[in-house]
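Under the UniProt record's numbering, think of the first position of the sequence shown as 1, with each following residue one higher. By construction, the Cβ of each residue, glycine as well, lies at the ideal position given by its N, Cα and C atoms.
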Amino acid sequence: FTDKDVYQQSFNPQEYLREYYRLSDSQGKTKTFLMENLRALAKMFSLEGLRGNTLIDVGCGPTIYQLLSACENFEEIIALDYTDQNRRELEKWLKKEAGAFDWRPVVEYVCELEGDRGKWAEKEEKLRKKVRQVLKCDVTKANPTEPVSLPPGDCIVSTLCLEGACKDLATFRSALRNISALVKPGGHLVMITVLRETYYAFSNQVFSCLRLEKNEVEEAVQDAGFDVRFSEVHPCPHSDIRFDCDAVLSLVARK
Numbered sequence: 001f002t003d004k005d006v007y008q009q010s011f012n013p014q015e016y017l018r019e020y021y022r023l024s025d026s027q028g029k030t031k032t033f034l035m036e037n038l039r040a041l042a043k044m045f046s047l048e049g050l051r052g053n054t055l056i057d058v059g060c061g062p063t064i065y066q067l068l069s070a071c072e073n074f075e076e077i078i079a080l081d082y083t084d085q086n087r088r089e090l091e092k093w094l095k096k097e098a099g100a101f102d103w104r105p106v107v108e109y110v111c112e113l114e115g116d117r118g119k120w121a122e123k124e125e126k127l128r129k130k131v132r133q134v135l136k137c138d139v140t141k142a143n144p145t146e147p148v149s150l151p152p153g154d155c156i157v158s159t160l161c162l163e164g165a166c167k168d169l170a171t172f173r174s175a176l177r178n179i180s181a182l183v184k185p186g187g188h189l190v191m192i193t194v195l196r197e198t199y200y201a202f203s204n205q206v207f208s209c210l211r212l213e214k215n216e217v218e219e220a221v222q223d224a225g226f227d228v229r230f231s232e233v234h235p236c237p238h239s240d241i242r243f244d245c246d247a248v249l250s251l252v253a254r255k
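Next up, the structure:
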């Protein structure tokens, strides 16, 4: 199991972004894994009732892709991540600092899904304005944002986070209960989780992943006080040696 201290010491957000968040690789092959997830997020955030004032992103990492469809439906966004350098990398993009990752191709793709590829710059500005806070969090704590206490939001989104942060199923179930406190009754949880994955790798480093089945994720979500409203599984490309996931689960649940 890759402990959180390892993330803090050796997770390199720039390398991670270069490896996983370019729409096509150096050979010009498109990243189907990323595109599938963008399509799933667009679909989930277009479901009825997925709107409100505050969206909380649990385990944002150094990425914004998970907020691109969401930012149309919420007035403010609070991004949470354990690793300091991930939050710093995100801040770089938010503040348009030199050396920030270029998300434009990904933003253009999402705008295309939404019907107007040309609106990418507008969407970037909208997202930058709406992300009000970037805070440290630890999903294994009863209050993940301790010492800060956040008022519960209308929706929490968590993509590819809990399966990396939890060493076993009991911890995963407990982490879901912890983050459920961040959302109001009647609010939503939007999740993207890899299934049957045990590792992912980039720049000669390997990070562990909790191997999960669809029913285990759904039961844990229900046990945390949610009703599953939408659940869809997409198979993963098996040709990729950088990770060993079988499929990706996209899920929406209501508290």
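If you count every other CB in all the chains shown that lies within 10 Å of the CB of residue i, and 16 or more means buried, which is it?
i	result
F1	exposed
Q8	exposed
E89	buried
R87	buried
Assuming residue i is part of the alpha helix (DSSP H), what are its boundary residues?
i	result
residue 269	Outside the shown range of the chain (1 to 255) lies residue 269, about which nothing can therefore be said.
I56	I56 -> not in any alpha helix (DSSP H); beta strand (DSSP E) instead, spanning G52 to V58.
L34	T32 to M44
K126	W120 to K130
S180	L169 to S180
Kindly list the residues whose CB is nearer than 6 angstroms to the CB of residue i, restricted to its own chain and excluding five residues on each side of it in sequence; keep chain order.
i	result
F207	T2 and Y200
R242	A201
N37	I192
residue 287	The chain is shown from 1 up to 255; residue 287 falls before or after that span and cannot be answered.
Can you tell me where the beta strand (DSSP E) with residue i in it begins and where it stops?
i	result
I156	G153 to T159
L150	Run containing L150: none; DSSP gives neither H nor E here.
P235	D227 to P235
V221	No beta strand (DSSP E) contains V221, which is instead part of the alpha helix (DSSP H) from K214 to D223.
I78	F74 to D81
Provide the residue(s) that pair with residue i in DSSP beta bridges, ordered along the chain.
i	result
F243	Y200
S24	T30
A253	L189 and V228
F207	Y200
L67	According to DSSP, L67 bridges with nothing at all.
Leaving aside the five residues before and after residue i along the sequence, list all residues of the same chain whose C-beta is less than 8 angstroms from its C-beta, in chain order.
i	result
D154	R51, G52, N53, T54, L55, F74, V183, K184, G187 and H188
Sorted by chain position, which residues of the same chain lie with C-beta nearer than 7 angstroms to residue i's C-beta, five sequence neighbours on each side aside?
i	result
K119	C111
D84	Q8
I think residue i touches residue j, with their Cβ atoms under 8 angstroms apart; what is that distance to the nearest whole Å?
i	j	result
K106	L41	Strictly speaking, residue 106 in this sequence is Val, with Lys absent from that position. At roughly 11 angstroms, the Cβ-Cβ gap does not stay under 8 angstroms, so V106 and L41 are not in contact.
L80	T145	6 angstroms
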